[in-house]
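Trainee:
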Amino acid sequence: MGYSKHPLRGTWSRNDHHRSRKAGLAILLMLLGISTLVQGCSELKPRVIVVVDPYANIDWSSFGQYKANLHTHTTQSDGSLTPDQVIDEYHKRGYSILAITDHNLCTWPWTGFADMPRRGAARKSDVEAEEKEDAPAPYPPYENRDPEALGMLAVSGNELSRHHHMGCFFIEHETDSRDEDRSMVEIGEKGGLAMLYHPGRYWKVCEHNTIPAEVVKRYVDWLAAYEHLVGLEVVNQGRRYQNDIRLWDEVLTAMMPDRPVWGFSNDDMHGRGQLGRDWNTFVLVRLDEAELREALRGGQFYFSTIGTHPGESRNVAETPIIHSITHNHRAGTITLTATSGGEPLPETQYRWISEGRVVHTGPVLDYLRRDGIGRYVRAELVGNGGTTYTNPVGLRHP
């Protein structure tokens, strides 16, 4: 059957019709192909990109895990144990890294304790003993300790306490300064690293149980100004300042991923009752000062406390130990494996936090598809006897 001639459109042949149908089909297939390609690209394009991963360089099968306390007092300031007694107590509990941080004083080196002038609580007890005939000093003479013989890494430290308390490490620094900024500058000039201790001592929550904006700004400003200020002590002495973890989340929300801020957990030990409750675990290729410095700068550690649990259930052995943290860039997942008391941690005991909110429960986080993820994500692992925290992974939204 042919086509009739139209006075305005000219004459169409059957071949013209077939050619038109073929052309239309080709265009349709091309459009479908473009649509599929665009859809595929959309699926491949990540919604968020990991730009800060403190665990990226760890070989979990070969690196060692080293328990550390970075806030410790002796009778040289206001502690009740002599320096050698403090070291012995931590050593027998399996600690590998210890910083003695007496107030405004470097109790250093470990091999020089015996000849060290007695100060603080020790000196006070000596004076009192001298005033009483034949009364012995309550604190025995100091004994030296060799960290190498003990298999420990000794870290020189000091808690600068005439302003907001801060720990300084790897330097012998003592100062009378009452100005935080001056102290920070001095620590940096000497090549030390710093940490802000127990922030919650210096502020209170607002009427609606929120952290004051000016408080968050104060810590953000300090952290932005001083690169050698590596982070905040978010767990102190059994979590006596429970809002410090909330402050950490506020600071992370403001600064990540451009300025990572690492979290720490320390005993702030003054006596045996405060010993061994809050600790950091550094994951290092070997135990030496250079590796520890890099781990402090890079966040290559996790931290734990038994202070999250009721007194009768607190148990260091039942606090989660992390065995691996792996990041699959292609799949967009971060996977944790951990045990508590030697048994695999149940999946319901892994929770992921972003901007102060729980965004996921389980050992595997799909950060490409999970809603509610902001500029960082961190994990909390809850065991039967305590809680373990990871440092934050920094995320950028393209």
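For the sequence shown, the numbering used here begins at 663 and goes up steadily by one. Ideal Cβ positions, reconstructed from N, Cα and C, are used throughout, including at glycine.
1. Can you tell which of LEU998, THR1001, PRO1008, ASP930 has its C-alpha closest to the C-alpha of HIS827?
2. What does the Cβ neighbour count give for CYS868, buried or exposed, with the cut at 16 atoms within 10 Å?
3. Can you name the start and end residues of the beta strand (DSSP E) that LYS794 belongs to?
4. Based on DSSP bridge pairs, tell me the residues matched to HIS1005.
5. DSSP has PHE944 in a bridge; who is on the other side?
6. Just curious, the alpha helix (DSSP H) that GLU876 is in, first and last residue?
7. Kindly indicate the opening and closing residues of the beta strand (DSSP E) around GLU821.
8. For ASP764, which of helix, strand or coil comes out of DSSP?
9. Take the Cβ of PRO1008 as the centre, count every other Cβ of all protein chains shown within 10 Å, and call the residue buried at 16 or more, exposed below.
10. Report yes if the C-beta distance between SER966 and SER927 is below 8 Å; otherwise report no.
11. If you run the structure through DSSP and keep just helix, strand and coil, what is GLU895?
12. How far does the beta strand (DSSP E) with GLY925 in it reach, from first residue to last?
13. Between PHE944 and the rest of its own chain, which residues show a CB-CB distance below 7 Å, the 5 nearest in sequence each way excluded?
14. The alpha helix (DSSP H) with ALA1063 in it runs from where to where?
15. Going by Cα to Cα distance, which pick from GLY819, GLY774, LEU743 is closest to ALA783?
16. Would you report the Cα separation of LEU949 and LYS794, rounded to the nearest angstrom?
17. Using CA atoms only, rank isn't needed, just tell me which of GLY829, PRO802, ASP746 is closest to LEU767.
18. Under three-state DSSP, which class holds ILE849?
19. Here's the rule I'm using: 16 or more other beta-carbon atoms within 10 Å means buried, otherwise exposed. How should VAL1020 be labelled?
20. Could you tell me if the beta carbon of LEU958 falls within a distance shorter than 7 Å of some heavy atom in the ligand ATP?
21. Would a C-beta distance cut-off of 8 Å place ILE1035 and VAL710 closer than the cut-off?
22. Hey, would you say LEU1027 sits closer than 8 Å to ILE996, going by beta carbons?
23. Please check the pair PHE832 and GLY853, which I expect to be a contact at CB under 8 Å, by giving their CB distance rounded to whole angstroms.
24. Go through its chain and collect everything with a Cβ distance to MET917's Cβ below 8 Å, but skip five positions before and after it.
25. Provide the residue(s) that pair with ASP906 in DSSP beta bridges, ordered along the chain.
26. Cα-Cα, which of ARG1037, GLU751, THR763, GLU810 is closest to GLU951?
27. Around the Cβ of GLN738, are there at least 16 other Cβ atoms within 10 angstroms (buried) or fewer (exposed)?
28. Looking only at its own chain, which residues have a Cβ that is under 6 Å from the Cβ of VAL1044, when we skip the five neighbours before and after it?
29. In three-state DSSP terms, what is ALA856?
30. Roughly how many angstroms lie between the CA atoms of THR999 and PRO1006, to the nearest whole one?
31. Buried or exposed: where does ARG901 fall if 16 or more other Cβ atoms within 10 Å of its Cβ makes it buried?
32. When the Cα atoms are used, what is the spatial distance from ASP764 to GLU792?
Mentor: Answer, in terms of the structure:
1. What you label residue 827 is simply residue 165 of the sequence shown in a count that begins at 1. Of the listed residues, the one whose Cα sits closest to HIS827 is ASP930.
2. Your numbering for residue 868 matches position 206 in the sequence shown. The residue is exposed, with fewer than 16 neighbouring Cβ atoms inside 10 Å.
3. As a position in the sequence shown, residue 794 is number 132, starting the count at 1. Premise fails: LYS794 is in no beta strand (DSSP E) and is neither H nor E.
4. The residue given as residue 1005 occupies position 343 in the sequence shown. With the sequence shown as reference, residue 1005 is identified as Glu, and His is not the correct amino acid for it. GLU1005 pairs with SER1002.
5. For this step, residue 944 is matched to residue 282 along the sequence shown. Answer is TYR728, PHE963.
6. Taking the sequence shown and counting its residues from 1, one reaches residue 876 at position 214. Element bounds for GLU876: 875-887.
7. As a working note, residue 821 is residue 159 in the sequence shown. From DSSP, the beta strand (DSSP E) with GLU821 extends over 815-822.
8. Position 102 of the sequence shown, counting from 1, holds the residue named residue 764. Note: ASP764 maps to coil in three-state DSSP.
9. Mapped onto the sequence shown, residue 1008 falls at position 346. That one is exposed.
10. Translated into positions along the sequence shown, residue 966 becomes position 304. Translated into positions along the sequence shown, residue 927 becomes position 265. Yes. Within cutoff.
11. In the sequence shown, the residue the question calls residue 895 occupies position 233. Strand at GLU895.
12. As a first step, residue 925 must be located in the sequence shown, where it is residue number 263. Per DSSP, GLY925 belongs to the beta strand (DSSP E) from 924-928.
13. Residue mapping note: residue 944 aligns to position 282 of the sequence shown, counting from 1. Hits under 7 Å: TYR728, ALA730, ILE759, LEU954, ALA957, GLN962, PHE963.
14. With the chain covering only 663 through 1060, there is no way to say anything about residue 1063.
15. In the sequence shown, the residue the question calls residue 783 occupies position 121. It is LEU743.
16. Walking along the sequence shown from the start, residue 949 turns up at place 287. Walking along the sequence shown from the start, residue 794 turns up at place 132. Each residue's alpha carbon lies about 47 Å from the other.
17. As a first step, residue 767 is located in the sequence shown; it is residue number 105 there, counting from the start. Checked all of GLY829, PRO802, ASP746; the closest Cα to LEU767 is GLY829.
18. The residue labelled residue 849 in the question sits at position 187 within the sequence shown. Correct three-state label for ILE849: helix.
19. Here the question's residue 1020 lines up with position 358 in the sequence shown. Result: exposed.
20. Absence of the ligand ATP from the depicted structure is noted, as is the absence of any ligand whatsoever, leaving it without description.
21. As a position in the sequence shown, residue 1035 is number 373, starting the count at 1. As a position in the sequence shown, residue 710 is number 48, starting the count at 1. Yes, the pair counts as a contact, with Cβ atoms nearer than the cut-off.
22. For the purposes of this step, residue 1027 is taken as residue 365 along the sequence shown, with counting starting at 1. For the purposes of this step, residue 996 is taken as residue 334 along the sequence shown, with counting starting at 1. Yes; because the gap between Cβ atoms is below 8 Å, this pair is in contact.
23. Walking along the sequence shown from the start, residue 832 turns up at place 170. Walking along the sequence shown from the start, residue 853 turns up at place 191. 7 Å between Cβ atoms; contact.
24. By one-based count along the sequence shown, residue 917 stands at place 255. Once the five neighbours on either side are set aside, the close Cβ partners of MET917 are VAL882, LEU885, ALA886, VAL923.
25. The residue you call residue 906 lines up with position 244 of the sequence shown. ASP906 pairs with nothing; no bridge assigned.
26. As a working note, residue 951 is residue 289 in the sequence shown. Checked all of ARG1037, GLU751, THR763, GLU810; the closest Cα to GLU951 is GLU810.
27. If you number the sequence shown from 1, residue 738 lands on position 76. Flag for GLN738 reads buried.
28. On the sequence shown, residue 1044 is found 382 positions in, with the first residue counted as 1. Around VAL1044: GLN1011.
29. For this step, residue 856 is matched to residue 194 along the sequence shown. For ALA856, the three-state secondary structure derived from DSSP is strand.
30. By 1-based counting over the sequence shown, the position of residue 999 is 337. By 1-based counting over the sequence shown, the position of residue 1006 is 344. Each residue's Cα considered, the two are about 8 Å apart.
31. Here residue 901 refers to the residue found at position 239 when the sequence shown is read from its first residue. Classification of ARG901: buried, given that the 10 Å Cβ count is 16 or more.
32. Within the sequence shown, the letter at position 102 stands for residue 764. Within the sequence shown, the letter at position 130 stands for residue 792. C-alpha separation (whole angstroms): 24 Å.
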